[in-house]
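K.L.:
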Amino acid sequence: MAAPRPLPVRLSGVIMPASIQDLEALRALTALFKEQRNRETAPRTIFQRVLDILKKSSQAVELACNDPSQVEQLASSLQLITECFRCLRNACIECYVNQNSIRNLDTIGVAVDLILLFRELRVEQESLLTAFRCGLQFLGNIASRNEDSQSVVWLHAFPELFLSCLNHPDKKIVAYSSMILFTCLNSSRIKELEENLNIAINVLEAHQKHPESEWPFLIITDHFLKSPELVQAMYAKMSNQERVTLLDIMIAKVMAEEPLARDEVPVFLSYAQLFASTFVDQCKIVLKLTSEQHADDEEALVIIRLLDVLCEMTANSDLLGYLQVYPALLERGVDLLRLVHVSGLDSTSIFSTCGYIKAEGNVSNVAEGFKSHLIRLIGNMCYKNKDNQDKVNELDGIPLILDSCRPDDRNPFLTQWVVYAIRNLTEDNSQNQDLIAKMEEQGLADTSLLKKVGFEVEKRGDKLILKSTSDTAQPEMWGLQSENTLTAALWLHFDALREIDSWAQELPCPPAAAWELLRTLSDTL
286 MAAPRPLPVR LSGVIMPASI QDLEALRALT ALFKEQRNRE TAPRTIFQRV
336 LDILKKSSQA VELACNDPSQ VEQLASSLQL ITECFRCLRN ACIECYVNQN
386 SIRNLDTIGV AVDLILLFRE LRVEQESLLT AFRCGLQFLG NIASRNEDSQ
436 SVVWLHAFPE LFLSCLNHPD KKIVAYSSMI LFTCLNSSRI KELEENLNIA
486 INVLEAHQKH PESEWPFLII TDHFLKSPEL VQAMYAKMSN QERVTLLDIM
536 IAKVMAEEPL ARDEVPVFLS YAQLFASTFV DQCKIVLKLT SEQHADDEEA
586 LVIIRLLDVL CEMTANSDLL GYLQVYPALL ERGVDLLRLV HVSGLDSTSI
636 FSTCGYIKAE GNVSNVAEGF KSHLIRLIGN MCYKNKDNQD KVNELDGIPL
686 ILDSCRPDDR NPFLTQWVVY AIRNLTEDNS QNQDLIAKME EQGLADTSLL
736 KKVGFEVEKR GDKLILKSTS DTAQPEMWGL QSENTLTAAL WLHFDALREI
786 DSWAQELPCP PAAAWELLRT LSDTL
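Per my numbering, the sequence shown starts with residue 286, numbered consecutively.
1. Please work out which residues of its chain come closer than 6 Å, Cβ to Cβ, to Met535, disregarding the five sequence neighbours upstream and downstream, and give them in chain order.
2. Taking the alpha helix (DSSP H) that Gly654 belongs to, which residues open and close that run?
3. Can you say whether Val610 is buried or exposed, counting buried as having 16 or more other CB atoms within 10 angstroms of its CB?
4. From which residue to which residue does the alpha helix (DSSP H) around Ala600 run?
5. Just the Cα atoms here: how many angstroms apart are Cys568 and Ile589?
6. In terms of residues, what are the limits of the alpha helix (DSSP H) holding His626?
7. Could you tell me whether the segment 424–441 touches the segment 450–470, where touching means 3 or more Cβ pairs closer than 8 Å?
8. Taking the alpha-carbon positions, what's the Ser386 to Gly394 distance?
9. Name the residue from Arg691, Val627, Val619 and Pro684 whose alpha carbon lies nearest to the alpha carbon of Arg661.
10. CB Glu434 to CB Arg388, shorter than 7 Å?
11. Nearest by alpha-carbon distance to Cys372: which of Lys319, Phe509, Ser449 and Met724 is it?
12. Go through the segment 358–444 residue by residue and report every complete run of the beta strand (DSSP E) that reaches 3 residues or more, in order.
13. If you count every other CB in all the chains shown that lies within 10 Å of the CB of Asn375, and 16 or more means buried, which is it?
14. I need the boundaries of the alpha helix (DSSP H) containing Glu325, first residue and last residue.
15. Suppose the cutoff is 6 Å on Cβ atoms and the five residues either side in sequence are ignored; what does the same chain contact list for Gly664 look like?
16. List the whole-angstrom C-beta distance separating Leu586 from Asn525, where the pair is believed to meet the contact cut-off of C-beta under 8 Å.
17. Whole angstroms is fine: what's the gap from Arg822's alpha carbon to Asp391's?
18. Please name the residue, chosen from Thr367, Leu406 and Ala310, that lies closest to Ser354 on a Cα-to-Cα basis.
19. Could you check which residue in Asp603, Glu616 and Phe655 has the C-alpha nearest to that of Ser628?
20. Please classify Met598 as buried or exposed, where buried requires at least 16 other C-beta atoms within 10 Å of its C-beta.
21. Shortest alpha-carbon distance to Cys667 belongs to which of Cys596, Leu414, Ser304 and Ala416?
22. Comparing the C-beta of Glu347 with each C-beta of chain B, is any distance below 7 Å?
23. Have a look at Leu402 and Glu347 and give me their C-alpha separation to the nearest angstrom.
24. Count the other CB atoms, across all protein chains shown, that sit within 10 Å of the CB of Thr711; report buried if there are 16 or more and exposed otherwise.
25. Is DSSP giving Ser498 helix, strand or coil here?
26. Can you grab the Cα-Cα spacing for the pair Pro697 / Leu592, in whole Å?
27. In whole angstroms, what separates the C-alpha of Thr415 from that of Ser342?
28. Between the Cα of Leu470 and those of Ala428, Asn717, Cys369 and Phe564, spot the shortest distance and give me the residue it belongs to.
29. Alpha carbon to alpha carbon, how far is Ala561 from Met540? Give it in angstroms, no decimals.
30. By Cβ distance below 8 Å, which residues in the same chain neighbour Arg783 in space, the five residues on each side in sequence not counted?
31. For Leu687, which of Ala722, Ser715 and Asn673 has the nearest alpha-carbon?
32. Would you kindly report the start and end of the unbroken alpha helix (DSSP H) that includes Arg708?
33. Pull up the CB-CB distance for Tyr520 and Leu554, whole angstroms please, since I reckon it's below 8 Å.
34. Can you tell me whether Pro612 is buried or exposed? The criterion is at least 16 other CB atoms within 10 Å of its CB, across all chains shown.
35. Quick check on the DSSP output: the alpha helix (DSSP H) that includes Leu532 runs from which residue to which?
36. Measuring CA to CA, which of Gly682, Tyr556 and Ala557 is closest to Arg617?
Printed below as a string of structure tokens:
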């Protein structure tokens, strides 16, 4: 690259101060470094000169930190600092040689020290914020795809810079510092985060506050979730709101179109253990929601989200087997369903059955879908598992599930999840099939409810046979075209549910809105 043309010392007959000369030269360099060929031919001496200007200008910032009255005098110094960072930032773009040259001058240490001084000033001037942002961009660029630079940035920046920047009120500063953290993290540095959990939790808070920013989210999904030790340590220290946020991310990961990679399965089995044990120990906290007064109870909201996670995990073939045999999980699910069902008999309870939407009501209350998801969890855990099928029978769970099949606007598709659970409870299990048949004969099972979930009892000699009722009754949303065996009928019903569920996730509207749309359309299907 040709050396930049020397700037004239006179302009319109006026002698230019050295700072103005430096500023104009820096701006010229910044523009030149936008071109790859100029970056690749830049002499190392240029970076030494830029560093000298940066060091000299930083003295004014240090003085202002010691004497707040000097803050107003920072304008020219901040201009120079900003342009130094822009110049260095551009020089590092896809240029390994420049990254190394600039790093070997100890520019990274100077930049980190200066950024920490910016945070110490606690001033929100736009000129200061601009310099702050450009400094972080420089650190991100010099570390990009350069392990040696990443090591030096980590050495100087961890933990102070991340503690200072991840909770900054300026969202760009949060995003750029997250970018640096994402770039520098590796498996060994994740271990260091276990000793500095505040940084990890600050990343989660950054995602809460700025969900539009991709960097905090990528740190969590691409780094944190690969370390069960870190996540378990974080979970123990988090607020309940933060736990809900983490569980939402976990749900998104398990539900992603791409299946879990082979090396991810053991990690997510660790999470399955964490969430199952927490649910078993604390699930009854959700009963605090039996009145509207406690509808915002954060502990109970965590339990609701834990149930959502467990539903998705038991829908994953890699995780299902572990959870099916997890001690007390199935028992807790049935017990909690019974308690919620009894609580729902009280019309004032938030779990009460709501067959219509009140004009003043909010159908998206925190308990919406909870009962459906409990039945879904029980159904998943009984999938091709005779021990669990029998255990639900022993716990009197089958009559409970059937009795739950009533119109309820607070539990979308409750009927369909009951169908699914009964299908899994009766598959290759004559004892459970006989139980349902005898319940109907003895009047213990409501015939209309049996028909609603797609089957009826027929007496053939001395035997009671459970059969599909496609000709005599239509399921609430999807009619069966011809009579099938119970298993085939229920599978067809459930396959439709799965297809609708998959389609709803792809709609350009929130999932809750998608389900509401489906409920509106149900009468015409």
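Beta carbons: idealized from backbone N, C-alpha and C, even for Gly.
P.N.:
According to the structure shown:
1. Take Met535, set aside five residues on each side of it, and the residues of its chain with a beta-carbon closer than 6 Å to its own are Val594, in chain order.
2. That residue, Gly654, is in no alpha helix (DSSP H); it is neither H nor E in DSSP.
3. Burial state of Val610 is exposed, judged by a 10 Å Cβ sphere holding fewer than 16 other Cβ atoms.
4. Element bounds for Ala600: n/a, residue is neither H nor E.
5. C-alpha separation (whole angstroms): 9 Å.
6. First-last of the alpha helix (DSSP H) with His626: Leu614 to Ser628.
7. With three or more CB-CB distances shorter than 8 Å, the segment 424–441 counts as touching the segment 450–470.
8. Ser386 and Gly394: Cα-Cα distance of roughly 14 Å.
9. Ranking the options by Cα distance to Arg661, first place goes to Val619.
10. At residue 434 the sequence reads Ser, which differs from the Glu that was named. In this structure, the beta-carbon distance from Ser434 to Arg388 falls below 7 Å.
11. Checked all of Lys319, Phe509, Ser449 and Met724; the closest Cα to Cys372 is Lys319.
12. Counting whole runs of 3 or more residues, the segment 358–444 contains no beta strand (DSSP E) stretch at all.
13. It is buried - the Cβ of Asn375 has at least 16 other Cβ atoms within 10 Å.
14. First-last of the alpha helix (DSSP H) with Glu325: Gln321 to Glu325.
15. Excluding sequence neighbours, Gly664 sits near Tyr705, Ala706 and Asn709.
16. Approximately 7 Å separates the beta-carbon atoms of Leu586 and Asn525; this is inside 8 Å, confirming the contact.
17. Outside the shown range of the chain, which is 286 to 810, sits residue 822, and nothing can be said about it.
18. Checked all of Thr367, Leu406 and Ala310; the closest Cα to Ser354 is Leu406.
19. The shortest C-alpha separation from Ser628 is found at Phe655.
20. Answer is buried; the Cβ neighbour count reaches 16.
21. The shortest Cα separation from Cys667 among Cys596, Leu414, Ser304 and Ala416 belongs to Cys596.
22. The chain labelled as chain B is not found in the depicted structure, where only one protein chain is given.
23. The alpha-carbon of Leu402 is positioned some 7 Å away from that of Glu347.
24. Looking at its Cβ environment, which holds 16 or more other Cβ atoms inside 10 Å, Thr711 is buried.
25. Correct three-state label for Ser498: coil.
26. When rounded, the distance between both Cα atoms is 16 Å.
27. Cα-Cα distance, rounded: 15 Å.
28. Among Ala428, Asn717, Cys369 and Phe564, the Cα nearest to that of Leu470 is on Ala428.
29. Going by the C-alpha atoms only, they are around 18 Å apart.
30. The predicted position of Arg783 is uncertain, since its pLDDT is 44 and thus under 50; a value taken from the coordinates is nonetheless stated next. Closer than 8 Å at Cβ, skipping near neighbours: no residue.
31. Among Ala722, Ser715 and Asn673, the Cα nearest to that of Leu687 is on Ala722.
32. Start and end: Leu699 to Thr711.
33. Leu554 and Tyr520 do not touch by the CB rule: their CB atoms are close to 16 Å apart, not below 8 Å.
34. Counting other Cβ atoms within 10 Å of its Cβ, Pro612 stays below 16 and is therefore classed as exposed.
35. Unbroken alpha helix (DSSP H) run through Leu532: Asn525 to Met540.
36. Closest in C-alpha terms to Arg617, from the list Gly682, Tyr556 and Ala557, comes Gly682.
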